[in-house]
Amino acid sequence: MAGGSKVVLVTGVSRDLGRRCASAIAEHPSVGRVIGVDVVPPRGDVGDVSFVRADIRNPVIAKVIAKEDVDTVVHMSVIATPGSVGGRNTMKELNVIGTMQLLAACQKAPRVTDLIVKSTTTVYGASNRDPAMFTEDMEPRRAPRAGYAKDVAEIEGYVRGLARRRSDCRVTMLRCANVIGPHVISPITSYFRLPVLPTVLGFDARLQFLHEADLMAVLQHAVDDGPAGTFNIAGDGVLMLSQAVRRLQRPSVPMPGFAVGSLGSALRSARVADFSPEQQDFLTYGRGVDTTQMRETLGFTPRYTTAEAFADFAAGLAPTGGRTERALAAVAERLPSTHTLDDAGRPALQGPRAVPDLVGSSAPRRSRGDSHG
Amino acid sequence: MGDAEIIPIGTRGRPGRGAGKQPSSAARGLAPTKKAPAKKAPAKKPAAGTGQGGPGQGGPGQGGTGSGGTGADATAEPTGSQQSTTDEPSSAEEQQTPPAAREGAPTRDAQASSDEQGTRAGEAEESSPLSASSAATDAPLASPLSTRERNPLRSIPTSAWLSAFQEAAMEVFGDSWEPRLAEFLAFLRRRITGDYVVDEYGFDAEVTQRFFMAALRPIAQQWFRIEVRGAENIPADGGALVVSNHSGTVPVDGLMTMVSIHDHTGRHLRALGADLVFQLPVISSLARKGGATLACNEDAERMLRGGELVGVWPEGFKGIGKPFSQRYKLQRFGRGGFVSAALRTGVPIVPLAVVGAEEIYPLVGNIPALARLIGVPYIPVTPLFPLLGPLGLIPLPSKWLLEFGEPIRTDEYDDGAADDPMLVFDVTDQVRETIQQTLYSLLMQRSSVFG
């Protein structure tokens, strides 16, 4: 806790990511004090964060804000899965009613000057009519009818309403791509942790990831000083789902869309992985967001690209497949003459068969693979 | 297996199956043959041939002894022959085949002498089959063999494997096989480990260049004999919008245009596809890998700003789904969205006229009810399609002409031009008329459809 003056209220600290984001915000030099709010106390170490047990669905939150002289509110308690809280109704109430109460409290508190809402790119949906890259001013091609995406769309509507009513308040909405990292537990990471990955037959989704460290960095950046507005936050580059599965070295089972749906509900009831309809759409069609605004207006550059964030996540997972790769590696090793000529003979290659070197960005991944083998 | 019923059970003390006229394959396998050393010399393909013969010969012999169960020949040899049977397919280029498998084939070809020998050998040496066979084949294994050591995979030294492999690589990759093979192996590993990059539209340049183009090129050059004119009108770098007529029931013309442009300029044409393309399984992922993206203003402008060569077929389904009687009559060019995208980004529009694609699947009918049921724009009926079944899916080999017209500049208009509907319609009509006139002139020049 450096000697800053800001008093920051962070919601949703009981969950792992929220707790660590709160402690990361507390470490920022411009921040004086961080108050974490949630219904249940956080399980891990919260560092310099002082925890206040309060339910944001309840007007008590306004008293907390007034009493603690909060000037910055970081809203992180929009949850993606009903699993942790009980059911879809609870989830909806927590997301939508909680946000409404929090925003009402912020509107009433004249000292609150900054509001940062962690939203998600799920709000753009995923469909076959999507443009390749969504910019911040684009609407989803199909309005979400249910679930997380609809919650987020409603929450964003309320946040925009507050921004209109409190023009003196800096409202920053961060639409983050799927957060991934060794410690993150989310629908997408639990999907990739499955030993055999079900994929939708005949489709290959484009994925973007945001590393957990970058999420904390962007929250710090937004708390410190940043322009108001809505920003897409994602790592550079795009990873295809098939590519991600191969990088994980896990086998995948392509199955038709309807079968993935029923398997998903079975997995969900078994609490193995959350396979909501939004996620199925996401894994079918994929989604890309344009991050020009993040760089140019917000002035934030993520440290990890999409591929690097995924590699960092994958480093903690044991490969369950990858036999073909090992066999090929064995063949390559058995041919010492060929292998030496690979290095020596490559510059001598000419003609159209010499393909440009496309592997530059993923060098760390390869070295990791070698150390495994 | 009809005659299997009349074969008496047991062999009455004779080696092999009890018919008494021919020695069993097991006995023949024991016989020393003079051809054996000569058989060893040829490397890969002849050995594979003998390997084919082995299992066929070994099978009945094994069955006979199995049922008969007489003395010596049932000890080691059936096991040996069975091993060779099971292992042969996996190691076709082995050079030192086990006796049973190797000598089966020559016996079948050259009958009399080896038959005689086989019978003699079978009777004389049934007590020590193993030493006889090893002596006959000059096998390097001096000590008595056990069944375990007879695993053909084990008896082949690594150097033999390597030389066989080298020869095979020479055959496939030619003289400079080593760097080629190394490159191919590296490519395979890169694909399998996901160690490649795609751009933000999902375009996989490597696989497009290596596979899609390689697969489509023979179709373009041999089947449709595509003739490209005016390829110099395609800008060598920077954004440009190729606008083409659309025809042929199935959008083959788009694929052929991509190949032709890549072969003539080295640039990849980034196609703009209908949303149906991205709804269909398999096709959607192939389209993204091949560099296509959804035909919407956002993507078109984004690609053009990024300096890509973008291809658009503004007729859409109206163009490819029009009946054969209306061939080479351009349909409406939509709302002219492609023109406003070009105007906003200031890139040139290259008109392209494709002649020949109309004739590949002459659309003479449609099944609208079924099409509505499935959710596709039309179900084509061609003279061949439902009639000949899958054969009707082969496109007719018409001769294609592709003519790229002079680029139409759009950077001279002022900023608000893209929002001026009248200007957009004017430019759209200009492009459309250019393509239509080029089509007519190409049709005049064409001597015959299949010429």
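Read top to bottom, the protein sequences are chains C and X.
Under this note's numbering, think of the first position of the first sequence as 1, with each following residue one higher.
Under this note's numbering, think of the first position of the second sequence as 1001, with each following residue one higher.
Glycine is no exception: its CB is placed at the ideal position from the N, C-alpha and C atoms.
Computed from a predicted structure; not experimentally measured.
Rounded distance between the beta-carbons of residue j and residue i, thought under 8 Å
{"i": "Ile180/C", "j": "Ala309/C", "result": "5 Å"}
{"i": "Arg287/C", "j": "Ala126/C", "result": "5 Å"}
{"i": "Gly1230/X", "j": "Glu1403/X", "result": "5 Å"}
{"i": "Ser1247/X", "j": "Ile1320/X", "result": "6 Å"}
{"i": "Ser1398/X", "j": "Phe1224/X", "result": "7 Å"}
{"i": "Pro1377/X", "j": "Phe1317/X", "result": "4 Å"}
beta-carbon residue i near the ligand COA non-hydrogen atom, thresh 8 Å
{"i": "Cys106/C", "result": "Here there are no bound small molecules, and the ligand COA is not part of this structure."}
Close-in-space but distant-in-sequence residues of the same chain around residue i (CB under 6 Å, 5 per side omitted)
{"i": "Gln249/C", "result": "Pro319, Gly321, Gly322"}
{"i": "Trp1177/X", "result": "Ala1169, Met1170"}
{"i": "Ile1261/X", "result": "Leu1269"}
{"i": "Val1242/X", "result": "Gly1311, Val1350, Leu1352"}
{"i": "His1264/X", "result": "Val1228, Ala1231"}
{"i": "Ala1287/X", "result": "Gly1273, Val1277"}
Any C-beta of chain C under 9 Å from that of residue i
{"i": "Pro1089/X", "result": "Any reading at Pro1089/X must be qualified, since the residue scores a pLDDT of 43, below 50, and its modelled position is unreliable; the value itself is stated next. Output row for Pro1089/X: interface = no."}
{"i": "Gln1430/X", "result": "no"}
{"i": "Gly1202/X", "result": "yes"}
{"i": "Gln1436/X", "result": "no"}
{"i": "Glu1298/X", "result": "yes"}
{"i": "Val1259/X", "result": "no"}
{"i": "Val1310/X", "result": "no"}
{"i": "Ile1192/X", "result": "yes"}
{"i": "Asp1419/X", "result": "no"}
{"i": "Gly1451/X", "result": "no"}
{"i": "Phe1278/X", "result": "yes"}
{"i": "Ala1182/X", "result": "yes"}
{"i": "Ala1353/X", "result": "no"}
{"i": "Thr1265/X", "result": "no"}
Nonlocal neighbours in the same chain, by C-beta distance under 7 Å from residue i, ignoring five residues either side
{"i": "Arg1344/X", "result": "Glu1301, Ala1418"}
{"i": "Pro1383/X", "result": "Pro1362, Val1364"}
{"i": "Gly47/C", "result": "Ser23, Ala26"}
{"i": "Gln1436/X", "result": "Leu1330"}
{"i": "Asp71/C", "result": "Lys6, Val7, Arg111, Val112, Thr113, Asp114"}
{"i": "Asp224/C", "result": "His28, Ser30"}
Neighbouring residues, chain C, relative to residue i (Cβ below 9 Å)
{"i": "Val1198/X", "result": "Arg206, Gly237, Val238, Leu239, Met240, Gln243"}
{"i": "Pro1251/X", "result": "Within 9 Å Cβ-Cβ: nothing; Pro1251/X doesn't reach chain C, min ~17 Å."}
{"i": "Phe1212/X", "result": "Near Phe1212/X there are no residues of chain C at all, since even the closest Cβ is about 14 Å away, more than 9 Å."}
{"i": "Arg1229/X", "result": "Residues of chain C passing the Cβ test: none, with the nearest at roughly 23 Å."}
Contact with chain X by residue i, beta-carbon distance below 9 Å
{"i": "Gln107/C", "result": "no"}
{"i": "Tyr124/C", "result": "no"}
{"i": "Gly41/C", "result": "Rather than Gly, the amino acid found at residue 41/C in this sequence is Pro. With 9 Å as the cut-off, Pro41/C does not count as an interface residue toward chain X."}
{"i": "Glu278/C", "result": "no"}
{"i": "Val200/C", "result": "yes"}
{"i": "Met133/C", "result": "yes"}
{"i": "Met138/C", "result": "yes"}
{"i": "Val196/C", "result": "no"}
{"i": "Tyr285/C", "result": "yes"}
Within chain X, partners of residue i - CB distance below 7 Å
{"i": "Met255/C", "result": "Near Met255/C there are no residues of chain X at all, since even the closest Cβ is about 11 Å away, more than 7 Å."}
Nearest candidate by alpha-carbon position, reference residue i, set the options
{"i": "Tyr191/C", "options": "Pro29/C, Thr122/C, Leu241/C, Thr113/C", "result": "Leu241/C"}
{"i": "Val117/C", "options": "Val78/C, Arg15/C, Lys108/C, Arg246/C", "result": "Val78/C"}
{"i": "Arg193/C", "options": "Thr324/C, Ala315/C, Leu9/C", "result": "Ala315/C"}
{"i": "Thr122/C", "options": "Glu139/C, Arg246/C, Arg33/C", "result": "Glu139/C"}
{"i": "Cys176/C", "options": "Leu162/C, Val200/C, Ala222/C", "result": "Ala222/C"}
{"i": "Val331/C", "options": "Trp1161/X, Ala1236/X, Met1422/X, Asp1275/X", "result": "Trp1161/X"}
{"i": "Asp312/C", "options": "Glu212/C, Asn232/C, Gly257/C", "result": "Glu212/C"}
{"i": "Pro256/C", "options": "Asn95/C, Phe203/C, Arg165/C", "result": "Phe203/C"}
{"i": "Tyr148/C", "options": "Glu325/C, Asp290/C, Asp281/C", "result": "Asp281/C"}
{"i": "Thr230/C", "options": "Gly36/C, Gly237/C, Phe134/C, Val171/C", "result": "Val171/C"}
{"i": "Met133/C", "options": "Arg206/C, Asn178/C, Ala104/C", "result": "Arg206/C"}
Within chain X, partners of residue i - CB distance below 9 Å
{"i": "Gly376/C", "result": "There is no way to answer for residue 376/C, as the model of chain C reaches only from 1 to 373."}
{"i": "Ala104/C", "result": "Near Ala104/C there are no residues of chain X at all, since even the closest Cβ is about 36 Å away, more than 9 Å."}
Contact set between residue i and chain C, taken where Cβ atoms lie within less than 7 Å
{"i": "Pro1281/X", "result": "Leu201, Gly202, Phe203"}
{"i": "Leu1216/X", "result": "Ordered by position in chain C, no residue passes the 7 Å Cβ test against Leu1216/X, which lies about 15 Å from the chain."}
{"i": "Arg1288/X", "result": "Asp204"}
{"i": "Thr1293/X", "result": "Ala132"}
Residues near residue i by beta carbon distance below 8 Å, same chain, minus five either side
{"i": "Ala303/C", "result": "One point to set straight first is that residue 303/C is Arg, not Ala, in the sequence displayed. Excluding sequence neighbours, Arg303/C sits near His211, Ala213, Asp214, Ala217."}
{"i": "Gly1239/X", "result": "Met1303, Leu1304, Arg1305, Gly1306, Gly1307, Glu1308, Leu1309, Val1310, Thr1345, Val1347"}
{"i": "Leu102/C", "result": "Thr11, Ile56, Ile61, Val73, His75"}
Beta-carbon neighbours of residue i, restricted to chain X and to distances below 8 Å
{"i": "Phe325/C", "result": "First, the residue type needs correcting, since residue 325/C is Glu and not Phe in the sequence shown. Here the neighbours are Arg1189, Ile1192, Thr1193."}
{"i": "Leu328/C", "result": "Leu1185, Leu1188, Arg1189, Ile1192"}
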